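The structure under discussion appears below in the form of structure tokens.
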Amino acid sequence: MSAENQKTVALLEQLFAAFNRHDIEGVMACMSEDCVFEGAAGAEAYGTRFNGAAEVAAAFVKVWTTYPDVSWQGTSHFAAGDKGVSQWTFCATCPDGKRIEADGVDIFTLKDGKLVLKQAFRKDRPLLDPQ
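Written out as structure tokens, the structure is:
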């Protein structure tokens, strides 16, 4: 793996560690100011699009608020040039007590060592009964 790709994988590891700590400053330290997040769900083909650091940060905080125990488990990452990919299992408890456990991937685009685009893709799986 090239040194540049190793840096990207390290950045993705840093990002997901911050996601799992619910650390918005840590997450946004990995993102550019003009970043774009395309969520897994939404009316458009690309899901729901959040533009710029403020909108992206608010979207991430909303996930943590909605699902206080949310985590991305079993992460693995790889990189090639200006692209990075993270694979994970999204685990969370819904407000009604039902559980989400669904595999997904993020495809990232990087520029100048920061994430400029995060495209989320997640399996559409029925909710699980509370544990």
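Quick note on the numbering used here: the sequence shown kicks off at 232 and runs consecutively.
Glycine is no exception: its CB is placed at the ideal position from the N, C-alpha and C atoms.
Model, not experiment: these values are computed from the prediction.
{"Item": "Backbone CA spacing between Asn282 and Phe291 [nearest angstrom]", "Value": "12 Å"}
{"Item": "Nearest-angstrom beta carbon gap, Cys261 and Lys342 [assumed within contact, 8 Å]", "Value": "About 12 Å; that fails the 8 Å criterion."}
{"Item": "Nearest-angstrom Cα separation, counted from Phe339 out to Gly315", "Value": "5 Å"}
{"Item": "Below-9 Å beta-carbon distance, Glu332 vs any chain D residue", "Value": "Among the chains in the structure shown there is no chain D, since it carries only a single protein chain."}
{"Item": "Status (buried if at least 16 other CB within 10 Å, exposed otherwise) for Ser233", "Value": "exposed"}
{"Item": "Whole-angstrom C-beta distance between Leu358 and Ile331, which should lie under 8 Å", "Value": "6 Å"}
{"Item": "Whole-number beta carbon distance between Pro361 and Gly328, since they are thought to touch under 8 Å", "Value": "4 Å"}
{"Item": "Extent of the continuous beta strand (DSSP E) to which Gln318 belongs", "Value": "Lys314 to Thr324"}
{"Item": "Leu358, DSSP secondary structure in three states", "Value": "coil"}
{"Item": "Validate contact between the segment 235-242 and the segment 302-312 using beta carbons, cut 8 Å, 3 pairs", "Value": "yes"}
{"Item": "Assigned secondary structure, Gly273 (DSSP; H/G/I helix, E/B strand, else coil)", "Value": "coil"}
{"Item": "Where the beta strand (DSSP E) containing Val336 begins and where it ends", "Value": "Arg330 to Lys342"}
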